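Chains as they are written, first to last, in full-length UniProt numbering: chain H, 1 to 365; chain Z, 1 to 365; chain U, 1 to 365; chain Y, 1 to 365.
Each residue gets a CB set at the ideal place from its N, CA and C atoms; glycine is no exception.
Fair warning: this is a prediction, and the values are worked out from it, not measured in the lab.
There are 4 protein chains.
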Amino acid sequence: MSGNSIGKLFTITSFGESHGAAIGCVIDGCPPGMALSETDLQADLERRRPGKSRHTTQRREPDAVRILSGVFEGRTTGTPIGLLIENVDQRSKDYGKIMDRFRPGHADYTYYKKFGLRDYRGGGRSSARETAMRVAAGAIAKKYLAERCGVTIRGYLAQLGPIRAEAFDWAPVAENPFFCPDAGKVAELEAYMDGLRKSGDSVGARVNVVAEGVPPGWGEPIFDRLDADIAHAMMSINAVKGVEIGAGFASIEHKGTEHRDEITPEGFLSNQAGGVLGGISSGQAITVSIALKPTSSLRLPGRSVNLAGAPVEVITEGRHDPCVGIRATPIAEAMLAIVLMDHMLRQRAQNADVRTDLPDIPAHP
Amino acid sequence: MSGNSIGKLFTITSFGESHGAAIGCVIDGCPPGMALSETDLQADLERRRPGKSRHTTQRREPDAVRILSGVFEGRTTGTPIGLLIENVDQRSKDYGKIMDRFRPGHADYTYYKKFGLRDYRGGGRSSARETAMRVAAGAIAKKYLAERCGVTIRGYLAQLGPIRAEAFDWAPVAENPFFCPDAGKVAELEAYMDGLRKSGDSVGARVNVVAEGVPPGWGEPIFDRLDADIAHAMMSINAVKGVEIGAGFASIEHKGTEHRDEITPEGFLSNQAGGVLGGISSGQAITVSIALKPTSSLRLPGRSVNLAGAPVEVITEGRHDPCVGIRATPIAEAMLAIVLMDHMLRQRAQNADVRTDLPDIPAHP
Amino acid sequence: MSGNSIGKLFTITSFGESHGAAIGCVIDGCPPGMALSETDLQADLERRRPGKSRHTTQRREPDAVRILSGVFEGRTTGTPIGLLIENVDQRSKDYGKIMDRFRPGHADYTYYKKFGLRDYRGGGRSSARETAMRVAAGAIAKKYLAERCGVTIRGYLAQLGPIRAEAFDWAPVAENPFFCPDAGKVAELEAYMDGLRKSGDSVGARVNVVAEGVPPGWGEPIFDRLDADIAHAMMSINAVKGVEIGAGFASIEHKGTEHRDEITPEGFLSNQAGGVLGGISSGQAITVSIALKPTSSLRLPGRSVNLAGAPVEVITEGRHDPCVGIRATPIAEAMLAIVLMDHMLRQRAQNADVRTDLPDIPAHP
Amino acid sequence: MSGNSIGKLFTITSFGESHGAAIGCVIDGCPPGMALSETDLQADLERRRPGKSRHTTQRREPDAVRILSGVFEGRTTGTPIGLLIENVDQRSKDYGKIMDRFRPGHADYTYYKKFGLRDYRGGGRSSARETAMRVAAGAIAKKYLAERCGVTIRGYLAQLGPIRAEAFDWAPVAENPFFCPDAGKVAELEAYMDGLRKSGDSVGARVNVVAEGVPPGWGEPIFDRLDADIAHAMMSINAVKGVEIGAGFASIEHKGTEHRDEITPEGFLSNQAGGVLGGISSGQAITVSIALKPTSSLRLPGRSVNLAGAPVEVITEGRHDPCVGIRATPIAEAMLAIVLMDHMLRQRAQNADVRTDLPDIPAHP
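1) Quick one: is T79 (chain H) near chain Y, going by C-beta distance under 8 Å?
2) For A132 (chain U) and P265 (chain Y), which I take to be in contact (beta-carbon distance under 8 Å), what is that distance rounded to the nearest angstrom?
3) Are the CB atoms of T11 (chain U) and I280 (chain Y) nearer to each other than 8 Å?
4) Can you pull the chain U residues whose beta carbon is under 9 Å from the beta carbon of T11 (chain H), in chain order?
5) Counting pairs of Cβ atoms below 8 Å between the region 230-238 of chain Y and the region 329-342 of chain Y, do you hit three or more?
6) For chain H, check one thing: does any of its Cβ atoms lie closer than 8 Å to the Cβ of F102 (chain U)?
7) Are three or more beta carbon pairs between the region 285-295 of chain U and the region 192-212 of chain U nearer than 8 Å?
8) Taking H106 (chain U) and L277 (chain Y) to be in contact with their CB atoms under 8 Å, please state how far apart those CB atoms are, rounded to whole angstroms.
9) What does F268 (chain U) pair with, by DSSP beta-bridge criteria?
10) Under 7 Å Cβ-Cβ, which residues of chain B neighbour A352 (chain Y)?
11) Going along chain H in order, which residues have a C-beta closer than 8 Å to the C-beta of A183 (chain Z)?
12) Starting from E147 (chain U), trace the alpha helix (DSSP H) both ways and give me its first and last residue.
13) Do you know offhand how far I230 (chain Z)'s Cα is from N208 (chain Z)'s?
14) Taking Cβ-Cβ distances below 9 Å as the criterion, which residues of the region 232-253 of chain Y are in contact with chain U?
15) Going by beta carbon distance, what residues of the same chain come within less than 6 Å of K293 (chain H), once the five residues before and after it are set aside?
16) For the alpha helix (DSSP H) that N208 (chain H) lies in, which residues bound it at each end?
17) Let me check understanding here. Comparing Cα to Cα, which of H:S14, H:C323, H:R348 lies closest to T56 (chain H)?
18) Which residues in chain H have a C-beta closer than 9 Å to the C-beta of D227 (chain Z)? List them in chain order.
19) In chain order, what residues of the region 15-45 of chain Z put their CB closer than 9 Å to some CB of chain Y?
20) For a contact meaning CB atoms closer than 9 Å, what does H106 (chain U) contact in chain Y?
21) Quick one: what does DSSP say R121 (chain Y) is sitting in, helix, strand or coil?
22) Just to make sure I have the definition right: I need the residues of chain Y whose C-beta is within less than 7 Å of the C-beta of Y192 (chain U). Which are they?
23) Could you confirm whether any beta carbon from chain U is found closer than 8 Å to the beta carbon of residue 368 (chain Y)?
24) Beta-carbon within less than 6 Å of D44 (chain Y)'s beta-carbon, same chain only, minus the 5 sequence neighbours each way: which residues are those?
25) Relative to the alpha-carbon of G124 (chain H), which residue among U:T316, U:G200, U:T79 has its alpha-carbon at the smallest distance?
26) Using CA atoms only, rank isn't needed, just tell me which of Y:S126, Y:G195, Y:R260, Y:A183 is closest to S202 (chain U).
27) Shorter than 8 Å from the beta carbon of P221 (chain U) to some beta carbon of chain Z?
28) Determine the closest residue to E258 (chain H) out of Z:P221, Z:S251, Z:G200, Z:F249, with distance taken between C-alpha atoms.
29) Is the region 33-42 of chain H in contact with the region 23-42 of chain U, if contact means three or more CB pairs nearer than 8 Å?
30) Applying a beta-carbon distance threshold of less than 7 Å, which residues of chain U neighbour L358 (chain Z)?
31) Report the CB separation of D182 (chain U) from A171 (chain U) in whole angstroms; it is logged as a contact under 8 Å.
32) Hey, out of H:G7, H:R148, H:D321, whose CA is closest to D194 (chain H)'s CA?
33) Using a Cβ distance threshold of 8 Å, determine whether the region 137-152 of chain Z contacts the region 213-227 of chain Z, with at least three qualifying pairs required.
34) Does the beta carbon of residue 366 (chain H) come closer than 8 Å to any beta carbon on chain Z?
35) Taking Cβ positions only, does F115 (chain U) come closer than 8 Å to chain Y?
36) Could you please give me the residues that DSSP links to P311 (chain Z) through a beta bridge?
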């Protein structure tokens, strides 16, 4: 394919521009017989949806998704699931000013050089609007993995600019607009974001995602390793600049004796590996951390050039997220779910009849 | 494919176990007409080869590669290039002791659970031995990219355990066994590695890779982004636990005004993006940084279980790298070359006839 | 992917059931800059559309296609083109009678055994309704190939049941409802079809497709041969049971001296090969012939079993084509166009800079 | 990939030229735990091997295959299986005369125009030599399908030039050099082939392949239909010009009432479909028929042009099959096995947990 598909057996093919007629995707490879309806997708779409708090873009996207195929009498049929969201709130006028110039830090210039023309309306294909389809497709994978495989996938905001979550609890994640697991930091985050918004600037963030309940054996040597496919999926999200599995960059200063996760009959004694050994799941929690850059859509003027190469000043008006990382949590969960779903199917295909006498080694708590 | 291939148009399919009869790969998609011989591959294989200094495993692998097909009268024919390295120094006896147990931090357990059996000789398929084929294939991509596209790909060791390169110069990289760009640190590295080796422990490292001369336009939206494919390729290397593009994790604390790379007619004013915008090359240097974990093959005893689930002590004798990161530089260069070669071909396919009046914006020095 | 995509660089991913909400597809890989609008697609959709003569099903499908993405200001942008046709004339009641039984000669039984459930409305995913999307996608390929590569793709009905076209002329093909190149046979075809319709039975057909103007060099050894990919694409059309390239099955009784297409400086002396040698286009006309089975949807009772395995009688009411081959011509043209478009892009990728002094050998007239 | 791989989950990647150092392939996706050794592959290689009777080329190829990886202690490990056959009997001198000219009916011209150069020794990559690897890989698929799925795959020569097999029995197939199921025709075939060889000419053939024991449910809508993938695999064999499934081209004159395979609780009443409905196996025998053209390598002079476009006479000396179809039977079996193996794995992946109360409908005897 030419770049708009992901997954080998659970394949998502996405289309649509930010301000075109609609965005959509095709999910090919969902097993038959799973109960599925639009409401199953809407929940995660809501978590991603902008405009829910004053800390995200006020662009109003109802994001009402339609299932066009692949579901009959409330169950998946095994045929491709077509999803569609019509674009309703397009406000193209917001973008007229930038049609002749390249916003710094955006894909305007690279799309123009690659394709020779570009849909400048709201960033066209390169807009974060596209991630709505990742979330919708990911919701299907999450549902299947939860119901059939006992896998739970959850994410949270680990850091926003200078502010790190210190305490950790899953409960508050769903209760604040930042997906922050440290309830004590929410006020500080509110204040910081208010100041940031007033300043007109933006900031980066770190999002962590965890998959629990993945059995040993998912992932393929040598190139389609589970961690390699996760890195691919995460880096394919707008604004992501770094990916870590397990100890990640901290491994640089680790000694082998502290990093290798020793094993006892009672279970693994640590999880520096982040649940993946040799590209294959170990049965421990799969832990992923990603870095998101600050958005480059700012009302503070930036230097750039126009189509003629002449210097211009760029001011991005309209509605933008001062921290795109805030809404990235459900997107990162979706991408992890899509990769795990794909590798679960691959494991089934090749190793359906593998049995060993050795029980699974318990994960490190 | 089932995991042992990488690349869509420039496709590497790899096979072979550490202590089997041979390792090899097939390179499908190399354009015809390029001069190629074994000596073109041997240079990078030498850079990766163990046993060149006291700081790497003393396993002796001549790593003499044979080109079996795809080259006629000294030029590539456009048909698949088959490469083969016979395994000569196998010393299986070194590994007899671990046939019934799982080395902690290795793929022994995950391979066993996935496949129900495993080739325990030297780690079998999961051994770093496999990376020799990445280097050989990468050498072909590097040669084509250099000769036909003016792209230069170079890497270096940025950090080894606690020791960071501070000064930077490409010259010393080729002149010390660590690929270190800071000549002033070499003595410190020597001493540190000697101590580490005596202690029986191992340590992690950071390797950086840079591609210069990549024109704007390589990379595909949405999922096959250039940076996403780079992340996939890098994370597929043994022991890699993290990948950064451009500013990477530092982006978390960046403000938008400092991160967005502003543009003037004279060129980009910075390169926080690492040469990729919206998944497409910008014409700036593509900068990648990876974290490698310390090897888990230690002579210091570690706790684990055997095939029966009973507790055992694991001691890895034989010859191992106290820092696998030292030899990772040519491997990382190879993977970057393979990804760039693939995307160069994809750009040619889809956008061969794209022309714009706008000259390329110069890269930030 | 899981079966609903075709093409490596020009990739069509299709979705939708006969009587679901809509059918659609995503075309990923269309080069940018080509003028494109719905009217470009509608022409071929009209040629395929049922209900245009009394000889095809009277099901009324306006088949109004919407372009949802990938086109901006009238030109393709290089991003995926999303196409959608809402299903308007569903008449599910026609099919209520067969929900509990398997129509002989249909996919009812195989879908049920594969997926454990099926959308029985009008055949669901296995309905010929799906071919509308092939035609729409093929129209894009045909337009690009015609405008940029000088390739013309045309098809015709070579045989309908016992009636063979004997005279050949392209002119009448567009002027009769059978796509028959032998104007003298049209009356006979009319009479035959009227009798067939009265009898309640159906009949098979042969459709030929020809691509002219394809330069030498399209197609890849060894498995992705141009003729192999054509065979795949043709056999993927509902009801196709056989595919021939060039002389096809007549080759069985050929002598080598008569079959090999000799060459003179003035050109090839024959075209038994059908324009493909070693899987690569030779510059001669690419000639393909396919056999289509008679539809199994008959009002004449047939024996079958129901979901409980009990014997039942099946009568298919509703509107059906007594000869599905009649409408297959634009579908076969579309599939040939899709394959050629894909291989043109692949040839560009790998061999963009190949030049030879030898001029192309002229095709046999 | 670029054409030298086939299969999505059971993937064969092939390399090697007729007179290069070696030919080989990588089989990626074979499930672990199956007993496998070189002797398992050698049996089918022997059936394909030339020089066994006076009716095939006298080129002596020991075709001794080595398993280089993926097998440990006599069992497959689930990692890629590397196969290698060194080329021993190269006799390049036979081919010196054709290095500057294009043999009519061969791939010489198309390879030259595509790649700008070609390995002219024995046809290089386009030689039938390449099919040895198909047979070796197919033997692995056949073994797995037989042992784990109860699938039997057998082929035979149905027609050689004007001589058709009339009686049918599997027994004689293995007992004559033609794979002919009609013992009474063997003498006629011997005489015909002796005359043909003396004349210096060649002739075409028809080979049929049958797979029995395939359960319902293998194959994917819409494009990766089982029959479409079979057509692709068969048409990818050198010299194949046509493919039929089930009734094939006879379907053109069939009435729906005779073609649709009616069903009773005792089983299907016929098998015009050839075991595939809607692209999915029905549980009936999968029947495939292919047409092979006569070889163009003749000692009888043929007209062609040389690299300068000047007229030349081509005489192919050396050793060639007067009927390549004779040796095609094991190749066609191998390709069918590879496709079925791939779809068996795909069915496992997506529909592992599908159950229906309906027992499989018995096949028509």
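According to the structure data:
1) Reading the first sequence from its first residue, position 79 is the one you call residue 79 (chain H). True, the Cβ-Cβ gap to chain Y drops below 8 Å.
2) Counted from its first residue, the third sequence places residue 132 (chain U) at position 132. Counted from its first residue, the fourth sequence places residue 265 (chain Y) at position 265. Actually they do not touch by this definition, with Cβ atoms about 37 Å apart.
3) In the third sequence, the residue the question calls residue 11 (chain U) occupies position 11. In the fourth sequence, the residue the question calls residue 280 (chain Y) occupies position 280. Going by C-beta atoms, T11 (chain U) is not nearer than 8 Å to I280 (chain Y).
4) If you number the first sequence from 1, residue 11 (chain H) lands on position 11. Simply M1, S2, N4, S5, T13.
5) Contact between the region 230-238 of chain Y and the region 329-342 of chain Y is present, with at least three C-beta pairs closer than 8 Å.
6) Along the third sequence, one-based indexing puts residue 102 (chain U) at 102. Not one chain H Cβ lies under 8 Å of F102 (chain U).
7) They touch, by the three-pair rule.
8) Here residue 106 (chain U) refers to the residue found at position 106 of the third sequence. Here residue 277 (chain Y) refers to the residue found at position 277 of the fourth sequence. Correct: roughly 7 Å between the Cβ atoms.
9) Position 268 of the third sequence, counting from 1, holds the residue named residue 268 (chain U). F268 (chain U) is bridged to U:I263.
10) Structure shown: chain B not included; protein chains present are H, Z, U and Y.
11) For this step, residue 183 (chain Z) is matched to residue 183 along the second sequence. Simply none; closest approach about 21 Å.
12) Along the third sequence, read from residue 1 onward, the residue named residue 147 (chain U) stands at position 147. Bounds of the alpha helix (DSSP H) holding E147 (chain U) are 131-149.
13) Counting from one through the second sequence, the residue named residue 230 (chain Z) turns up at place 230. Counting from one through the second sequence, the residue named residue 208 (chain Z) turns up at place 208. C-alpha separation (whole angstroms): 13 Å.
14) Under the 9 Å Cβ criterion, the region 232-253 of chain Y contributes H232, A233, M234, M235, S236, I237, N238, A239, V240, K241, G242, V243, E244, I245, G246, A247, G248, F249, A250, S251, I252, E253.
15) Position 293 of the first sequence, counted from the first residue, corresponds to residue 293 (chain H). Excluding positions up to five away in sequence, the list reads G204, A239, K241.
16) Here residue 208 (chain H) is taken as the residue at index 208 of the first sequence, counted from 1. N208 (chain H) -> not in any alpha helix (DSSP H); beta strand (DSSP E) instead, spanning 205-212.
17) Counted from its first residue, the first sequence places residue 56 (chain H) at position 56. The shortest Cα separation from T56 (chain H) among H:S14, H:C323, H:R348 belongs to H:C323.
18) Sequence index remark: in the second sequence, residue 227 (chain Z) carries index 227 (1-based). The answer, in chain order, is M235, S236, V240, K241.
19) Residues of the region 15-45 of chain Z with a C-beta atom less than 9 Å from some C-beta of chain Y are F15, G16, E17, G20, A21, A22, I23, G24, C25, V26, I27, D28, G29, C30, P31, P32, G33, listed in chain order.
20) Your numbering for residue 106 (chain U) matches position 106 in the third sequence. Correct list: R260, L277, G278.
21) Counted from its first residue, the fourth sequence places residue 121 (chain Y) at position 121. Note: R121 (chain Y) maps to helix in three-state DSSP.
22) As a working mapping, residue 192 (chain U) is identified with position 192 in the third sequence. Think of a sphere of 7 Å around the beta carbon of Y192 (chain U): no beta carbon from chain Y falls inside it, the nearest being about 12 Å out.
23) Only positions 1 to 365 of chain Y appear in the structure, and residue 368 (chain Y) is not among them; the question remains open.
24) Position 44 of the fourth sequence holds residue 44 (chain Y). So the qualifying residues of the chain are V135, A139, P330.
25) As a working mapping, residue 124 (chain H) is identified with position 124 in the first sequence. Nearest C-alpha to G124 (chain H): U:T79.
26) The count along the third sequence starts at 1 and reaches residue 202 (chain U) at position 202. Shortest Cα-Cα distance from S202 (chain U) to any of Y:S126, Y:G195, Y:R260, Y:A183 involves Y:R260.
27) The residue labelled residue 221 (chain U) in the question sits at position 221 within the third sequence. For P221 (chain U), the answer is yes, since a Cβ of chain Z falls inside 8 Å of its Cβ.
28) In the first sequence, residue 258 (chain H) corresponds to position 258, counting from 1. Checking every option, the nearest Cα to that of E258 (chain H) belongs to Z:G200.
29) Contact between the region 33-42 of chain H and the region 23-42 of chain U is not established, with fewer than three Cβ pairs separated by less than 8 Å.
30) By 1-based counting over the second sequence, the position of residue 358 (chain Z) is 358. What L358 (chain Z) touches in chain U: nothing, since even the nearest Cβ is about 15 Å away.
31) To locate residue 182 (chain U), count along the third sequence from 1; it is residue 182. To locate residue 171 (chain U), count along the third sequence from 1; it is residue 171. With 8 Å as the limit, D182 (chain U) and A171 (chain U) do not qualify as a contact, their Cβ atoms being about 11 Å apart.
32) Taking the first sequence and counting its residues from 1, the one referred to as residue 194 (chain H) is at position 194. If you compare the alpha carbons of H:G7, H:R148, H:D321 with that of D194 (chain H), the shortest gap goes to H:D321.
33) As far as the Cβ criterion goes, the region 137-152 of chain Z touches the region 213-227 of chain Z, which means the pair count is three or higher.
34) Residue 366 (chain H) falls outside the range modelled here, since chain H spans only 1 to 365, and no answer is possible.
35) Position 115 of the third sequence, counting from 1, holds the residue named residue 115 (chain U). F115 (chain U) counts as touching chain Y.
36) In the second sequence, counting from the first residue as 1, residue 311 (chain Z) sits at position 311. Paired residues: Z:V305.
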